[in-house]
Structure formats: C-alpha cells, structure tokens
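Line order of the protein sequences matches chains S and H. Heads up, the first sequence is in the numbering used here, so the first residue is 1 and it goes up one at a time. Heads up, the second sequence is in the numbering used here, so the first residue is 1 and it goes up one at a time. Just so it is clear, CB atoms sit at the ideal spot from N, CA and C, and this is done for glycine as well.
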Amino acid sequence: DLDDLEKDEL
Amino acid sequence: MNIFRLSGDVCHLVAIIILFLKIWRSKSCAGISGKSQLLFALVFTTRYLDLFTAFISIYNTVMKVVFLVLAYATVSLIYFRFRKSYDSESDSFRVEFLLVPVAGLSFLENYSFTPLEILWTFSIYLESVAILPQLFMITKTGEAESITTHYLFFLGLYRTLYLANWVWRYHEEGFFDQIAVVSGVVQTIFYCDFFYLYFTRVLRGSGKMTLP
C-alpha cells in the first residue's frame, strides 16, 4: 500500500 | 523527479513570491484573501511535519522550508504589518465550511490511521479548497488587480503541471497516489473558470480583471 511510498512530492 | 514536477514546484514558488512581493512593495494587501493565505499556511504546516521525521533530499527539505517561511511571512504581512489595508469585509468566506468536511474526510479516507498520515491527508484535501476564499473575494469585489491574477495564474499552472507529473509518473513508474490525484483534479477544476477570465481579459491587456 502507499504507506511505505515515500512522500517525495511537495 | 520529472520536468513537470520540477516546473510545477517552480511555478508554485513563483506564485508565492509574486504575492509576497506585491504586498510588501505596495505595502497593502487590498484584494487579497487573508483566509486563503491562512489555509495555505495550515496546508504546509500539516503536510511538512515530515521535515523532522524523514529526509528525502536537499531539494525537498529546502523547498518545504522556503514554502513554510514565505507562507507565514505573507500571513503576518496581511494580519499584522499591513492589517489596516486588509479588506475583511470582502474576505467573508466561511472557512469552517471547508475545514470541517476536510477534517472529517481525512479521518474517513486515508492510507493509514496514524497522526502523520491523517495530517498529510488533511493537508491534501485542504489544499484543493484553500483558494476558494480568494476566488470568492474576487467575485464579491467584482475585480482583481492584474498582479493578483498573475499570482493565481502561476498557482493554477503549478496544479496543472502536477497533473501532468502524475500522468508521466503513472506512465513511467506505474505510480498512482489516488488521494493526491483525485484531490489535485478537484483543485485544478476550480481554476478553470479563472483561467478563462485570465486569458480572455487580463492577457488582452485590460490590466484589471473585472468580472461580468
């Protein structure tokens, strides 16, 4: 799921 | 990182700097919605808490700090330094009608029920409606100074470029952040009406944008 997705967007 | 994302961030930075310099140099915040600027400061505050927990890149950290500093600096110009020129009469949008649904939705629809994730989700939903008080104020006063419309143009351009960034990332990496994309589409739609007026009136050199 997206949780481990790094929130690299501002 | 792709060209759409980078140019989107640059447009966002340009928009924020345009607004800050306009208020600073004209020593007035007439026609500017303080409520929208407060909402944007809240968006950055609730979204960039990961400044302290996750290091992504120098660029990421620097941009987050710059956005936070400029957002709070702009709010302080409006509500403190040039508060006499703040037109609270026209800035009458009821932000509680935005904050309550956005807060509720961020508890219902999120990727994980943790404080950081809920605050991030809140900031995503809030950003999509944060410009509404400003657009409402323009419809109420029936006009906007051209510099204010340039600010809104770059803000809308940043959102449009982020849509292109997501199309690109979906095509290249299979990346798809549903909450960010759905919220971003809604936000960009709010700018469509403004873009129409911007291209048909302001760019025709009519200086001010006066609404029909």
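Contacts of ALA180/H in chain S (Cβ-Cβ under 8 Å) = Those are GLU9, listed as they occur along chain S.
Determine the burial state of GLY174/H: buried for a count of at least 16 other Cβ atoms within 10 Å of its Cβ, exposed for fewer.
-> Looking at its Cβ environment, which holds fewer than 16 other Cβ atoms inside 10 Å, GLY174/H is exposed.
Would you identify the three-state DSSP class for THR210/H, choosing helix, strand or coil?
-> Reduced to three states, the DSSP call for THR210/H is strand.
Looking only at C-alpha atoms, which of PHE153/H, VAL186/H and PHE4/H sits nearest to PHE199/H?
-> For the set PHE153/H, VAL186/H and PHE4/H, the Cα lying nearest the Cα of PHE199/H is the one of PHE153/H.
For THR210/H, I'd like the list of residues in its chain whose CB is within less than 8 Å of its CB, leaving aside the five on either flank, ordered along the chain.
-> Shown here for THR210/H: same chain residues with a beta carbon closer than 8 Å to its own, the five before and five after excluded, namely GLY142, GLU143 and ARG201 in chain order.
Is it right to say ALA130/H is buried, meaning 16 or more other beta carbons lie within 10 angstroms of its own, or is it exposed?
-> Of the residues assessed, ALA130/H falls on the buried side of the cut-off, its CB having 16 or more other CB atoms within 10 angstroms.
Which bits of chain S does TRP120/H rub up against, with CB to CB less than 9 Å?
-> Ordered by position in chain S, the residues that pass the 9 Å Cβ test against TRP120/H are LYS7.
Against chain S: residues of the segment 58-69 of chain H by CB proximity under 8 Å | When CB distances to chain S are screened at a threshold of 8 Å, the residues of the segment 58-69 of chain H falling below it are ASN60, MET63, LYS64 and PHE67, in chain order.
Residues bridged to ALA144/H [DSSP beta-bridge criterion] | Per DSSP, MET209/H.
C-alpha distance - VAL181/H paired with HIS12/H, whole-angstrom precision = Approximately 17 Å between the Cα atoms of the pair.
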